[in-house]
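Q:
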Amino acid sequence: MTPPRALYEARFIMGGLAIAWLFFLFVVPAVSVIIAIFFLYVLYFFRDPERVAPTDPSVVVSPADGKIVAIEEIEEVEFLKRKMKRISIFLSVFDVHVNRAPVAGEVTHSQPKPGKFLDARNPDSSTLNESRTWVILGEQGEVVVKQITGAIARRIVPWAKVSDRLEKGERFGMIRFGSRTELYLPLDSEAMVAIGDKVKGGETAIARLKQQNAKA
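The opening residue of the sequence shown carries number 49 in this note's numbering; numbering runs sequentially from there.
Structure (structure tokens):
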């Protein structure tokens with residue numbers, strides 16, 4: 049059974065809420081009700097459901113739950129330094145915030161970057177906000193996943209590290225509260241989603257890689 053790592057990340061928040069609930073239960077009972085509701089929300093937010101990824105090696109799965117907000121061609125300037133297809137996902141405070149590997153492969157880079165905390169729906173958050181960029185080398189080539197903080201989400205938690213081998217759909221980290229996750233794919237990849245679509249991390253087929261991208 050997979051350890052509840054997401055819930056573990058909430059231990060201090062939930063512990064503080066539990067203490068506050070006990071205090072206000074005897075002092076101001078009405079406030080304790082509000083705290084109890086917030087405690088249940090935190091429990092809900094840090095959920096981590098099991099997902100089953102497609103087995104086709106050419107199919108890329110979504111790295112996050114949320115809504116597709118952009119599909120575009122853009123220069124990836126941090127690591128691969130070439131034009132790629134970027135699929136951007138906005139995660140609301142009601143989405144699962146665990147991130148999952150879009151393809152099976154080895155983590156070759158995992159680099160944090162300091163920055164601002166703009167609303168994650170703002171396209172400028174991609175370059176200005178605090179983030180962590182991952183490069184995963186799979187049988188079909190390299191893909192990049194970028195975790196981006198938001199106005200509320202201010203902590204990115206990495207669970208994997210460089211040289212780790214990830215299976216498609218495997219958890220590699222999470223972002224706490226509303227945020228943005230971007231996926232960079234080879235330019236000739238075929239997007240299998242459209243702007244406005246809702247996706248599930250580790251399960252929704254988000255793109256298909258061309259066979260010529262396979263490693264020699």
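Note that the Cβ used here is the ideal one computed from N, Cα and C, for glycine as well.
Please give me, in chain order, every unbroken run of the beta strand (DSSP E) with length at least 3 that falls completely inside the stretch 177-231.
A: Taking only runs of at least 3 residues, the beta strand (DSSP E) segments lying wholly in the stretch 177-231 are 179-186, 189-196, 204-206 and 219-223.
Q: Return the residue from the list Ile-83, Gly-198, Glu-121 and Val-125 that minimises the CA-CA distance to Ile-223.
A: The shortest C-alpha to C-alpha distance from Ile-223 to any of Ile-83, Gly-198, Glu-121 and Val-125 is the one to Gly-198.
Q: Since Phe-86 sits in a beta bridge, which residues does DSSP pair it with?
A: Answer by DSSP bridge pairing: none, since Phe-86 is not bridged.
Q: Please identify the residue among Leu-233, Thr-229, Arg-219 and Met-62 whose C-alpha is closest to the C-alpha of Phe-87.
A: Met-62
Q: Could you tell me which of Val-117, Asp-172 and Lys-131 sits nearest to Glu-123, measuring between CA atoms?
A: For the options Val-117, Asp-172 and Lys-131, the alpha carbon positioned closest to that of Glu-123 is the one of Lys-131.
Q: Which two residues bound the contiguous beta strand (DSSP E) that contains Phe-138?
A: 130-139
Q: With a threshold of 8 Å, are at least 3 pairs of Cβ atoms found where one atom belongs to the stretch 68-87 and the other to the stretch 98-116?
A: The stretch 98-116 and the stretch 68-87 do not touch, with fewer than three beta-carbon pairs separated by less than 8 Å.
Q: Within its chain, find whatever has a CB closer than 6 Å to the CB of Glu-215; leave out the 5 residues flanking it on each side and keep chain order.
A: Ala-152
Q: Secondary structure at Ser-173, three-state DSSP: helix, strand or coil?
A: helix
Q: With DSSP as the reference, please indicate the residues paired to Val-107 in a beta bridge.
A: Arg-256
Q: Reducing DSSP to helix, strand and coil, say where Ser-158 ends up.
A: Under the three-state reduction of DSSP, Ser-158 is assigned to strand.
Q: Count the other CB atoms, across all protein chains shown, that sit within 10 Å of the CB of Ala-78; report buried if there are 16 or more and exposed otherwise.
A: exposed
Q: If you check the beta carbons only, do Phe-252 and Val-109 fall under 8 Å apart?
A: For the record, residue 252 in the displayed sequence is Thr; it is not Phe. Yes, the pair counts as a contact, with Cβ atoms nearer than the cut-off.
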